[in-house]
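Take 1 as the starting number for the sequence shown in our numbering and just add one per residue. See below for the structure under consideration.
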Amino acid sequence: MTIQECLQNLVEIQYLKREEQKFLLAITNEEKRICALKDQRAAKEKEIETKTQRIEKLNLTLAEKNYHEKTLELKTLREHLTRAVRVEEETLLNKSIQEFTGKLHELETHFFECIEEEERLNADIALCKEFLLGIVETEQEISRDVASNIEELNSKLQGLFNRQKSLLQMLPPDISSRFLAISKKFPTNPISSIHNGACKTCMMKMNSTMVSQVEQKMSLETCPFCDRILLPSHI
Ligand SMILES: [Zn+2]
Numbered sequence: 001m002t003i004q005e006c007l008q009n010l011v012e013i014q015y016l017k018r019e020e021q022k023f024l025l026a027i028t029n030e031e032k033r034i035c036a037l038k039d040q041r042a043a044k045e046k047e048i049e050t051k052t053q054r055i056e057k058l059n060l061t062l063a064e065k066n067y068h069e070k071t072l073e074l075k076t077l078r079e080h081l082t083r084a085v086r087v088e089e090e091t092l093l094n095k096s097i098q099e100f101t102g103k104l105h106e107l108e109t110h111f112f113e114c115i116e117e118e119e120r121l122n123a124d125i126a127l128c129k130e131f132l133l134g135i136v137e138t139e140q141e142i143s144r145d146v147a148s149n150i151e152e153l154n155s156k157l158q159g160l161f162n163r164q165k166s167l168l169q170m171l172p173p174d175i176s177s178r179f180l181a182i183s184k185k186f187p188t189n190p191i192s193s194i195h196n197g198a199c200k201t202c203m204m205k206m207n208s209t210m211v212s213q214v215e216q217k218m219s220l221e222t223c224p225f226c227d228r229i230l231l232p233s234h235i
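Structure representation (structure tokens):
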């Protein structure tokens, strides 16, 4: 295999490696689509949990009980008043009735506020549940779509791996091992070219002997500064 052929081979491998990165990124993006939906679902489930806890905390049953008990107490006081014979007793009862009426008004306001708040929370929970039903369906549809896209991307990736493997096998072992070592350091751009007497990637100026060795394609040369494989201006 000539140096020219080796270089062409390496350029193709570099291209395949870049494609590989694109496919891997596409797979990650597909997975993110599902994660985003799962996050939305988790947020709605949390919202339902928080609102349910708020309903429990409102304790509407207790508010209703307190209101009815106070109503009954007030009713009893008023009955006592109708039976009161002494003025002092009548005055005391009137004072208590006044206090109880004030308290009853507070309990009544609280009770109705609780009813309104519970209705509002229940309506919100119903909306969240409706949203969840929709998101479950969307998640199922998107999961199928994502699974099919990932399968296709994985199959393309496999094709890239196979092609890279056969290209590497065609190379002389010393060149393929050098290339693999440099690729570890620079996974997407292990190859550079010479431009105006300098390495195009690290921009360092090279001496004319090195430039001429690369241009003549007599041997595989690497940049003395960044260690990338050097391509001549025309291959
Ligand atoms: Zn360089």
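All C-beta atoms in this analysis are idealised placements derived from N, C-alpha and C, irrespective of residue type, glycine included.
The beta carbons of Gln-14 and Ile-175 sit no closer together than 8 Å. Beyond the five residues adjoining it in sequence on each side, Ile-150 comes within less than 6 Å, by CB distance, of Ile-27, Glu-30 in the same chain, given in chain order. Along the region 147-228, the beta strand (DSSP E) occurs as fully enclosed runs of 3 or more residues at 191-195, listed in sequence order. Counting along the chain, the unbroken alpha helix (DSSP H) around Thr-50 starts and ends at 3-58.
With respect to the C-alpha of Ile-3, the residue from Gly-197, Pro-172, Leu-132 having the closest C-alpha is Pro-172.
Each residue's CA atom was taken as its position, placing Lys-51 and Arg-78 some 41 Å apart.
Taking the CA atoms as reference points, Glu-215 sits about 8 Å from Leu-231. The C-alpha of Phe-161 lies about 12 Å from the C-alpha of Arg-18. Contact annotation: Leu-58 and Cys-114 have beta-carbon atoms nearer than 8 Å. Distance from Thr-188 to Gln-21 at the Cβ level is roughly 6 Å; contact confirmed, criterion being Cβ atoms closer than 8 Å.
Glu-139 places its beta carbon 8 Å or farther from that of Leu-60.
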